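Have a look at the structure below before the remarks.
Protein chains: 2
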Amino acid sequence: MARETGRSTLAGIAAEAGVSVSAVSKVLNGRTDVAAGTRARIAALLRRDGYQVASRLGFGVVDLLIATLHTPWAEELLRGTVQAADEAGASVVVSTVDSPGGFTAWLNRATARGTDGALTVLNLPDSSELQRLAAARIPLVVIDPPEEPGPGIRSVGTTNWQGCLTATRHLIELGHRRIAIIGGPEHLWSSRARLAGYRAALEAAGLEPAGREAAGRAGPAELIRRDQFCAEGGRRQARELLALPQPPTAIVAGNDAQAFGVLQALGERGLRAPQNLSVVGFDDVPVASWATPALTTVRQPLAAMAATAFRMLHAPGSGGAGTGEPHHIELATTLVIRESTGPAPRVI
Amino acid sequence: MARETGRSTLAGIAAEAGVSVSAVSKVLNGRTDVAAGTRARIAALLRRDGYQVASRLGFGVVDLLIATLHTPWAEELLRGTVQAADEAGASVVVSTVDSPGGFTAWLNRATARGTDGALTVLNLPDSSELQRLAAARIPLVVIDPPEEPGPGIRSVGTTNWQGCLTATRHLIELGHRRIAIIGGPEHLWSSRARLAGYRAALEAAGLEPAGREAAGRAGPAELIRRDQFCAEGGRRQARELLALPQPPTAIVAGNDAQAFGVLQALGERGLRAPQNLSVVGFDDVPVASWATPALTTVRQPLAAMAATAFRMLHAPGSGGAGTGEPHHIELATTLVIRESTGPAPRVI
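Residue numbers (the working numbering), protein chains in the order written: chain A, 2 to 349; chain B, 2 to 349.
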């Protein structure tokens, strides 16, 4: 941590900077309740003498690591992070990290300049990466953890189970009985929670829980699909669902992109929502209201999730167990009813 | 630039850091061809002695200032900037700046930590802001300048005139004769260029240039509309166009969001594209292919525009006239033909 020679005491640095020892100590510990200019001056002196300052910039920088910026979903998370940082007078550095090599390159840059913490999206660093983060004293919060969030890592998610339950119940209340679901990739924690929410809604309504039987005959299992979280995945599955001898009257899509794909599959057959089929999305990205018809969807509070993650980075007890701070927080979804859902068509 | 006292010579700093004077000089001038660790060490010594180092971080940071992150368009620009920065080993700080107060807050943060340059999107800083940027030695490149790009400011745009000409010509080639346009806000340079491109295509085809007469009677002027660059704006104008005694058979939308709105207006009347009306968008944001039907649109090379702007920041002769470097670059659009355009319906 310190150079072998020439290291001043904190008191010496305080005297040199013309501030109190307490102020120097605060800066050393990354506290932000020291005026920015003073903080920068103290941090420079500390670094000169080999001290590791929490942020080498002497002001707030948070890194947002995201695998792809190619989705409206990612953009909402970014927007929330930037907004929370703006309010805190901090800066957000955005990096796309989608490989171990990318992580290393990012970490090198981040440690060279210093950072007050890292937010990763849909990405749980592996144990070697976690060790390197800890060694560099970079706190971490995971947004939308891809696996079951364990106590060793702090994370923020959304109530996926409740969200899909609400969406399915909405369709049941509209009179739908044959309701399909297109889930996301099975390895994702969120996909599993959403599927369970769908099943819970059907069971609560006394409807046959789709997918429990199936073997041998064309039963409700055919209504449970999985695909990538993209429009193409939704279109592919909806094409197959619409081609069933007994197609569903409603589809719960894994996300808004898939719901757009469902609308495309309907269009290909000259069908429309909600007259021929109801569709519910998930996320409520800004473009959800651009669809024809505008998407009924489950709103993930993406901006609030990002803001919460930002605050968790700076919460006391960061990264430690037994501090009484929860290691995982889920923010509630809300159902946004627009025009893509309607009464079930009367089936013969 | 230098403190009054205690300033070392560059040679002295080179000796202290154990590097060549040339390396110190490079760091002082913000060159990046010095290893990151060495650069950071030299930069720290320079700063200690009161030298103004091009980036106070001793490594690359670029600021991206954007009014709103709430559109897929903004996201593509961000993606391009992050990608170019990644390749250069630099970091991108993203800030939303939509007011003079926001600009000042950003500038305070940026000068406190240092930055190698600022990219602003659709935003031309006013003369006071430009002065403050110059005083802080922060180079600037404007992406998609909202006004005619003058020689004093470097900027990157797209070939709006050509893009809209190509889109309109595509419709003419499909047999359309009654072609409407929904433009963006008139104060925007890009909106004016696109409208001119539309007119040029009509004139080149020997078609009555819409909007030249109109006074007194319902003529082609009714086919020239303007609204905000959002889905709601497109829907509003398309509703009026479809309600005309003689509606158009094709609409050139100001951007993809407006084109989505046109599709919604069609849906409200039980009409479809391209059977009843052809629609062309502008931008080719990722969600353009999610529409029903997938949007034919004019692709702006948004990611390439951002990457070009990033490189312009570091180009020699930054900010000076007479260096032979162009102050404004436009990257070509391309027409992406998908499913929302088709042959003109036979009109009675």
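Heads up, the beta-carbon is just placed ideally off N, CA and C, and yes, glycines get one too.
Just so you know, these numbers come straight off a predicted model, no measurement behind them.
Residue i (DSSP reduced to helix, strand or coil)
{"i": "phenylalanine 261 of chain B", "result": "helix"}
{"i": "phenylalanine 283 of chain A", "result": "strand"}
{"i": "glycine 184 of chain A", "result": "strand"}
{"i": "aspartate 87 of chain B", "result": "helix"}
{"i": "histidine 71 of chain B", "result": "coil"}
{"i": "isoleucine 338 of chain B", "result": "coil"}
{"i": "arginine 170 of chain A", "result": "helix"}
{"i": "glycine 158 of chain A", "result": "strand"}
{"i": "glutamate 331 of chain B", "result": "strand"}
{"i": "leucine 267 of chain A", "result": "helix"}
{"i": "threonine 350 of chain B", "result": "No answer is possible for residue 350 of chain B: the residues shown for chain B start at 2 and end at 349."}
{"i": "arginine 273 of chain B", "result": "coil"}
{"i": "serine 23 of chain B", "result": "helix"}
{"i": "valine 425 of chain A", "result": "Examination of residue 425 of chain A is not possible in this model, given that chain A is present from 2 through 349 alone."}
{"i": "alanine 251 of chain B", "result": "strand"}
{"i": "arginine 236 of chain A", "result": "helix"}
{"i": "leucine 278 of chain A", "result": "coil"}
{"i": "serine 92 of chain A", "result": "strand"}
{"i": "valine 1 of chain B", "result": "This structure cannot settle anything about residue 1 of chain B, because the visible part of chain B is limited to 2 through 349."}
{"i": "leucine 47 of chain B", "result": "helix"}
{"i": "leucine 242 of chain B", "result": "helix"}
{"i": "serine 9 of chain B", "result": "coil"}
{"i": "arginine 363 of chain A", "result": "Nothing about residue 363 of chain A can be reported from this structure: the residues present for chain A run from 2 to 349 only."}
{"i": "threonine 293 of chain A", "result": "coil"}
{"i": "leucine 208 of chain B", "result": "coil"}
Alpha-carbon to alpha-carbon, residue j and residue i
{"i": "leucine 78 of chain A", "j": "glutamate 17 of chain B", "result": "45 angstroms"}
{"i": "alanine 251 of chain A", "j": "phenylalanine 230 of chain A", "result": "18 angstroms"}
{"i": "valine 63 of chain A", "j": "threonine 121 of chain B", "result": "21 angstroms"}
{"i": "valine 22 of chain A", "j": "threonine 69 of chain B", "result": "42 angstroms"}
{"i": "leucine 278 of chain B", "j": "proline 249 of chain B", "result": "8 angstroms"}
{"i": "alanine 274 of chain B", "j": "threonine 297 of chain B", "result": "11 angstroms"}
{"i": "arginine 227 of chain A", "j": "glutamine 259 of chain A", "result": "10 angstroms"}
{"i": "lysine 27 of chain A", "j": "phenylalanine 104 of chain B", "result": "29 angstroms"}
{"i": "valine 337 of chain B", "j": "glycine 198 of chain B", "result": "17 angstroms"}
{"i": "alanine 89 of chain B", "j": "valine 281 of chain A", "result": "42 angstroms"}
{"i": "alanine 292 of chain B", "j": "arginine 40 of chain B", "result": "49 angstroms"}
{"i": "valine 263 of chain A", "j": "isoleucine 225 of chain A", "result": "14 angstroms"}
{"i": "isoleucine 183 of chain B", "j": "proline 152 of chain B", "result": "30 angstroms"}
{"i": "arginine 195 of chain A", "j": "glycine 268 of chain A", "result": "26 angstroms"}
{"i": "threonine 118 of chain B", "j": "aspartate 50 of chain A", "result": "Note that residue 118 of chain B corresponds to glycine in the displayed sequence, not to threonine. Glycine 118 of chain B and aspartate 50 of chain A: Cα-Cα distance of roughly 29 angstroms."}
{"i": "aspartate 87 of chain B", "j": "tryptophan 107 of chain A", "result": "8 angstroms"}
{"i": "arginine 178 of chain A", "j": "leucine 125 of chain A", "result": "38 angstroms"}
{"i": "glycine 19 of chain A", "j": "leucine 46 of chain A", "result": "12 angstroms"}
{"i": "leucine 175 of chain A", "j": "histidine 188 of chain A", "result": "31 angstroms"}
{"i": "alanine 85 of chain A", "j": "valine 35 of chain B", "result": "35 angstroms"}
7 angstroms Cβ shell around residue i - same chain, five flanking residues per side excluded
{"i": "alanine 266 of chain A", "result": "Arg236, Ala239, Arg240 and Leu243"}
{"i": "alanine 216 of chain B", "result": "With a pLDDT of 40 at alanine 216 of chain B, under the threshold of 50, the modelled position of this residue cannot be trusted; read the value that follows with caution. Result list for alanine 216 of chain B: empty, nothing under 7 angstroms."}
{"i": "threonine 335 of chain A", "result": "Arg300"}
{"i": "tryptophan 190 of chain A", "result": "Pro146, Pro147, Glu148 and Glu149"}
Contacting residues, own chain, Cβ-Cβ under 6 angstroms from residue i (five flanking each side not counted)
{"i": "valine 25 of chain B", "result": "Leu11, Ile14, Ala15 and Ile43"}
{"i": "alanine 75 of chain B", "result": "Ile67"}
{"i": "valine 157 of chain A", "result": "Ile144, Met306, Thr309, Ala310 and Ile330"}
{"i": "serine 234 of chain A", "result": "Strictly speaking, residue 234 of chain A in this sequence is glycine, with serine absent from that position. Excluding residues within five positions, the ones whose Cβ falls inside 6 angstroms are Asp228 and Gln259."}
{"i": "glycine 185 of chain A", "result": "Ser192, Phe230 and Gly255"}
{"i": "threonine 160 of chain B", "result": "Glu331, Ala333 and Thr334"}
{"i": "aspartate 284 of chain B", "result": "Trp74, Asn256, Asp257 and Gln301"}
{"i": "methionine 313 of chain B", "result": "Val142 and Arg155"}
Neighbourhood of residue i by C-beta, 8 angstroms cutoff - its chain only, sequence neighbours within 5 removed
{"i": "serine 290 of chain B", "result": "Leu296 and Arg339"}
{"i": "valine 94 of chain A", "result": "Val62, Val63, Asp64, Leu65, Ala111 and Thr116"}
{"i": "isoleucine 173 of chain B", "result": "Ile180, Ala202, Leu203, Ala206 and Leu208"}
{"i": "threonine 82 of chain B", "result": "Val63, Leu65, Val93, Leu120, Ala307, Ala308, Ala310 and Phe311"}
{"i": "glutamine 276 of chain A", "result": "Gly343 and Pro346"}
{"i": "glutamine 163 of chain A", "result": "Gly198, Ala333 and Thr334"}
{"i": "alanine 232 of chain B", "result": "Ala258, Gln259, Phe261, Gly262 and Gln265"}
Within chain E, partners of residue i - CB distance below 7 angstroms
{"i": "aspartate 145 of chain B", "result": "In the structure shown, chain E does not exist; the protein chains are A and B."}
Quick check: the region 300–307 of chain A against the region 132–139 of chain A, are at least 3 beta-carbon pairs closer than 8 angstroms? No, the region 132–139 of chain A does not touch the region 300–307 of chain A.
If you pair each beta-carbon of the region 330–348 of chain A with each one of the region 155–175 of chain A, do three or more pairs fall below 8 angstroms? yes
Ranges of the beta strand (DSSP E) found wholly within the region 98–153 of chain A, counting only runs of at least 3: 119–122 and 141–144
Inter-stretch contact at 8 angstroms, needing at least 3 Cβ pairs: the region 92–99 of chain A / the region 143–158 of chain B: no
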